[in-house]
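So the structure is just underneath, and the comments pick up after that.
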Amino acid sequence: MELRHLRYFVAVAEELSFRKAADRLNVSRPALSKQIKDLENEISVKLLHRDTVNVSLTKAGEIFLEDSQQLLALAGNAIERAHDAQSGHRGKLRIGSVGIIATDFLPKTLKIFHQKYPGVEVEFVEMLPTEQLRSLPSGKIDIGFAYGKEVESYPYLRSLCVVHSIFGVAVSRQHPLATRESVALKDLRWETLLCVGGDGKSGHKEAICQIYTAEGAKPTKHRKIEGFDSMVTLIAADQGISFLPHVLDLGNQDVVILPLDSTANLDFHMWAVWQENSASHHVKHFIELLEGRELVTSSHVA
Numbered sequence: 001m002e003l004r005h006l007r008y009f010v011a012v013a014e015e016l017s018f019r020k021a022a023d024r025l026n027v028s029r030p031a032l033s034k035q036i037k038d039l040e041n042e043i044s045v046k047l048l049h050r051d052t053v054n055v056s057l058t059k060a061g062e063i064f065l066e067d068s069q070q071l072l073a074l075a076g077n078a079i080e081r082a083h084d085a086q087s088g089h090r091g092k093l094r095i096g097s098v099g100i101i102a103t104d105f106l107p108k109t110l111k112i113f114h115q116k117y118p119g120v121e122v123e124f125v126e127m128l129p130t131e132q133l134r135s136l137p138s139g140k141i142d143i144g145f146a147y148g149k150e151v152e153s154y155p156y157l158r159s160l161c162v163v164h165s166i167f168g169v170a171v172s173r174q175h176p177l178a179t180r181e182s183v184a185l186k187d188l189r190w191e192t193l194l195c196v197g198g199d200g201k202s203g204h205k206e207a208i209c210q211i212y213t214a215e216g217a218k219p220t221k222h223r224k225i226e227g228f229d230s231m232v233t234l235i236a237a238d239q240g241i242s243f244l245p246h247v248l249d250l251g252n253q254d255v256v257i258l259p260l261d262s263t264a265n266l267d268f269h270m271w272a273v274w275q276e277n278s279a280s281h282h283v284k285h286f287i288e289l290l291e292g293r294e295l296v297t298s299s300h301v302a
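Under the UniProt record's numbering, the letters of the sequence shown match residues 1 to 302, in that order.
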């Protein structure tokens with residue numbers, strides 16, 4: 001039994017006329033009559049009473065009509081959902097989470113995306129930026145975010161700059177340096193430096209190393225942290241300091257970001273990254289929204 005048989009039967013049952021049903025389906029009356037007969041033979045149930053003048057439903061036909069209408073509606077809905085998924089209006093979009101760094105732009109973009117594509121479920125996957133870059137080819141995530149020069153090691157990925165700022169020194173609001181207008185590396189020599197990256201490489205650690213190298217210095221004490229959210233919590237608790245972009249609004253976290261007096265390159269860039277050959281309409285639509293918004297910058301960027 002095919003969906004065609006159900007459509008033909010429903011048309012006849014609703015019209016109670018082979019002629020009207022044939023016109024509605026744009027088929028010949030003999031062809032329609034044969035399809036109905038084939039259907040009855042296949043399911044071994046008489047569905048219609050018919051003579052040269054009248055057509056009516058049997059009791060079995062009434063039940064079969066109700067179920068056939070539901071099946072056709074389900075089939076139509078399945079086809080529509082498949083088309084929506086293919087066109088990017090339905091499905092799932094997996095995005096690598098970057099925590100507090102993305103709070104300035106990501107919620108706004110997600111809100112617009114949901115308004116335009118309410119059938120697409122957005123799932124956030126917690127992982128470090130370096131893990132995100134490695135996870136894109138396997139399909140664990142569809143879009144990731146990375147910092148600095150991390151992206152350059154993955155030429156098969158597309159990228160879009162979404163944040164441009166400069167690094168400053170993040171300290172607790174209760175820290176003795178918090179009231180200073182600016183600080184230098186020499187002011188930090190006895191501080192515990194927090195850097196994101198765990199045991200692997202990260203754009204954050206590399207940027208910090210470049211700042212110290214440019215000044216011919218090294219941090220006295222350092223501690224590796226798994227993510228920016230944990231880092232900010234530790235800074236607020238006065239358990240260390242770090243370098244964070246000025247674009248972050250951390251006023252409600254009891255953390256202040258001070259300008260750094262340095263000759264080093266303090267530029268901070270964050271990139272949205274995705275597969276070069278991605279065929280996902282979800283990715284395309286989300287990136288289009290990122291491209292259409294203003295670049296997030298801070299007042300400290302010239």
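Just so you know, even glycine gets a beta-carbon here, dropped at the ideal spot from N, CA and C.
Asked: Restricting to Cα atoms, I'd like to know which of Ile-241, Ile-63, Ala-21 and Asp-229 is closest to Ile-208.; Found: Ile-241
Asked: Of all the options Ala-184, Phe-228 and Val-169, which has the alpha carbon lying nearest to the alpha carbon of Gly-197?; Found: Phe-228
Asked: Look up Leu-260 in the DSSP assignment and give the residues it is bridged to.; Found: Val-183
Asked: Cutting at 6 Å between CB atoms, please list the residues of its own chain near Glu-15, excluding the five before and the five after it.; Found: Ala-21
Asked: So Cys-161 packs on His-269, CB below 8 Å; how close in whole Å?; Found: 6 Å
Asked: Below 8 Å on the Cβ atoms is my contact criterion, and I expect Met-231 with Leu-194 to pass it. Report the Cβ-Cβ distance as a whole number of Å.; Found: 5 Å
Asked: Where in the stretch 21-107 do unbroken runs of the alpha helix (DSSP H), each at least 4 residues long, occur, reported from the N-terminal end onward?; Found: 29-43 and 59-87
Asked: Would you tell me roughly how many angstroms separate the C-alpha atoms of Arg-180 and Leu-258, rounded to the nearest one?; Found: 8 Å
Asked: Are at least three pairs of beta-carbons, each pair with one atom in the stretch 52-62 and one in the stretch 92-100, less than 8 Å apart?; Found: no
Asked: Would a C-beta distance cut-off of 8 Å place Met-1 and Glu-42 closer than the cut-off?; Found: yes
Asked: Determine whether the beta carbon atoms of Glu-206 and Gly-148 lie at a separation below 8 Å.; Found: yes
Asked: Which residues bound the beta strand (DSSP E) around Lys-221?; Found: 221-225
Asked: What is the DSSP secondary structure of Ser-230, reduced to helix, strand or coil?; Found: helix
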